[in-house]
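One structure is given here, and the rest of the page talks about it.
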Amino acid sequence: MFQIIKPLLVDLGRSMSLMEGQLTALLTLTVYIAMSAATIGVLYWSIKPYMPLDSEWFRVKVQEKWWLWGVGGYVVAIPLVIGVSIGNEYLWQGRGGSNPLLKIVLEEGNGLALGMFFFTAAIAAPVFEEILFRGFILPSLTRYTSTWGAIALSSLLFALAHLSVSEVLPLMTLGCVLGIVYTRSKNLLAPMMVHSLWNSATMVGLLVLGSSMK
153 MFQIIKPLLV DLGRSMSLME GQLTALLTLT VYIAMSAATI GVLYWSIKPY
203 MPLDSEWFRV KVQEKWWLWG VGGYVVAIPL VIGVSIGNEY LWQGRGGSNP
253 LLKIVLEEGN GLALGMFFFT AAIAAPVFEE ILFRGFILPS LTRYTSTWGA
303 IALSSLLFAL AHLSVSEVLP LMTLGCVLGI VYTRSKNLLA PMMVHSLWNS
353 ATMVGLLVLG SSMK
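In the working numbering, the protein residues as written are 153 to 366.
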């Protein structure tokens, strides 16, 4: 489908490089949202027979000061994840994988494409992944292990889901922070905020790095 659409757009007189970036960003966002919606749909139909669920599942409380946990969790995550990442870099001796968006972010100068990538990373991913890993998987695991064990296991699954073996340790560390924030705040909005801040800072860092290399 991409090969069919691209020539049509080229005929409109636009830059090929510009459209490749926009189409890649749009495809990334569309596929991620579709995958997330399908997963949540399957999850909903799987747990529907057991509704209403206990209050510990998918807890969202807008009224409370959840943002304090979000900001605090992010501040705590920074030195922990960076420290583990440094050790991880030494362990892999520079052979570790890089962010799949790195090349595109550094080379792509189109605001619309970058905006779509930013929305995917800073909004869509935190909402979906926190619903799945902290809202469902973590409390599910507490049925079979301790809270700390559930945090560790759900964090490992969270890291493995990113399909980058070399990044498992840093991602698991971030997952543990997200799990602790959720179990302490008892509010999904808190880890969503931590996750969003982390991804946003990563994207901004890539943009700054990209601009400095031009």
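Here a beta-carbon is modelled for each residue, glycine too, at the ideal position from N, C-alpha and C.
Mapping the DSSP letters down to three states, classify residue i as helix, strand or coil.
i: residue 186; result: helix
i: residue 313; result: coil
i: residue 271; result: helix
i: residue 282; result: helix
i: residue 319; result: helix
i: residue 201; result: helix
i: residue 329; result: helix
i: residue 245; result: coil
i: residue 334; result: helix
i: residue 351; result: helix
i: residue 226; result: helix
i: residue 196; result: helix
i: residue 174; result: helix
i: residue 293; result: helix
i: residue 240; result: helix
i: residue 356; result: helix
i: residue 221; result: helix
i: residue 346; result: helix
i: residue 300; result: helix
Taking just the CA atoms, how far does residue j sit from residue i?
i: residue 361; j: residue 194; result: 39 Å
i: residue 245; j: residue 212; result: 42 Å
i: residue 300; j: residue 183; result: 33 Å
i: residue 318; j: residue 282; result: 22 Å
i: residue 199; j: residue 237; result: 37 Å
i: residue 334; j: residue 286; result: 7 Å
i: residue 290; j: residue 313; result: 15 Å
i: residue 336; j: residue 228; result: 14 Å
i: residue 205; j: residue 223; result: 29 Å
i: residue 176; j: residue 230; result: 30 Å
i: residue 308; j: residue 262; result: 35 Å
i: residue 359; j: residue 186; result: 27 Å
i: residue 241; j: residue 214; result: 39 Å
i: residue 190; j: residue 315; result: 19 Å
i: residue 265; j: residue 297; result: 43 Å
i: residue 339; j: residue 355; result: 25 Å
i: residue 207; j: residue 295; result: 14 Å
i: residue 310; j: residue 221; result: 20 Å
i: residue 243; j: residue 331; result: 25 Å
i: residue 328; j: residue 216; result: 22 Å
For residue i, which residues in the same chain have their Cβ closer than 6 Å to its Cβ, ignoring the five residues on either side in sequence?
i: residue 233; result: 322, 325 and 326
i: residue 274; result: 348, 351 and 352
i: residue 209; result: 291
i: residue 357; result: none
Only counting the same chain, and skipping five residues up and downstream in sequence, which positions put a Cβ closer than 8 Å to that of residue i?
i: residue 293; result: 301, 302, 305 and 306
i: residue 271; result: 181
i: residue 239; result: 321
i: residue 174; result: 262, 264, 265 and 268
i: residue 192; result: 280, 283 and 284
Residues in its own chain within less than 7 Å of residue i by CB, not counting five upstream and five downstream?
i: residue 178; result: 268
The stretch 272 to 286 in contact with the stretch 336 to 351 per 3-pair CB rule at 8 Å: yes
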